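Trainee:
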Amino acid sequence: MERYGAENEKGGCQKRVKIKRYKANARERNRMHGLNAALDALRRCMPIQTTHSEVNSNPQKLSKIETLRLARNYITAMSQTLHEGRSMDLTRFIRILSRELSQTTANLLRGTLMVPPSEEQMYKRHYYSGYCYEPFYNDSRFYPNNSFSMH
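Below you can see the structure in the form of structure tokens.
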């Protein structure tokens, strides 16, 4: 009888451990879903156009680290623009945004910002007062003389 009770107790302990692990995994899954949703929202506010791979029709997202680096660089550029009180030259803006980014992301950024707005570039965004407005295309107020400006 003692042996049966010990085995039963061991099985109950294993079951409790499995339940705790299941709950911990669920919490971690929810945490990661929240983090990924926040990063997706941040990506939508970045001045970069995602590309479509020929193999896959889904847009290629920036990695988490690239998203955070670009956001940091964007904040730096906006802070400098506010501090100087005037529009920033587009070349300088791109140089600041490209700091510590991969060559692929930097090239994508240059391609997004250097090309004048057109109907084909519906994913371009205008950033004003911390909010993302999309899409603004064929509107020269947002891209005057190829320089970045805040209105």
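In terms of the numbering used here, the sequence shown has 157 at position 135, counting the first letter as 1, and numbering is strictly consecutive. Every residue gets a Cβ at the ideal spot worked out from N, C-alpha and C, and that includes glycine. Fair warning: this is a prediction, and the values are worked out from it, not measured in the lab.
#1: Could you spell out where the alpha helix (DSSP H) holding residue 117 opens and where it closes?
#2: Below 8 Å on the Cβ atoms is my contact criterion, and I expect residue 121 with residue 89 to pass it. Report the Cβ-Cβ distance as a whole number of Å.
#3: How big is the Cα-Cα spacing for residue 135 and residue 39?
#4: Please name the residue, chosen from 44, 81, 32, 85, that lies closest to residue 57 on a Cα-to-Cα basis.
#5: Our contact map puts residue 95 next to residue 119 with C-beta atoms below 8 Å; I'd like the distance itself, whole angstroms only.
#6: How is residue 38 classed by DSSP in three states: helix, strand or coil?
Mentor: So, from the data block:
#1: 112-119
#2: With 8 Å as the limit, residue 121 and residue 89 do not qualify as a contact, their Cβ atoms being about 14 Å apart.
#3: 53 Å
#4: 85
#5: Taking C-beta atoms under 8 Å as the contact rule, residue 95 and residue 119 qualify, at a distance of about 5 Å.
#6: Helix, per DSSP.
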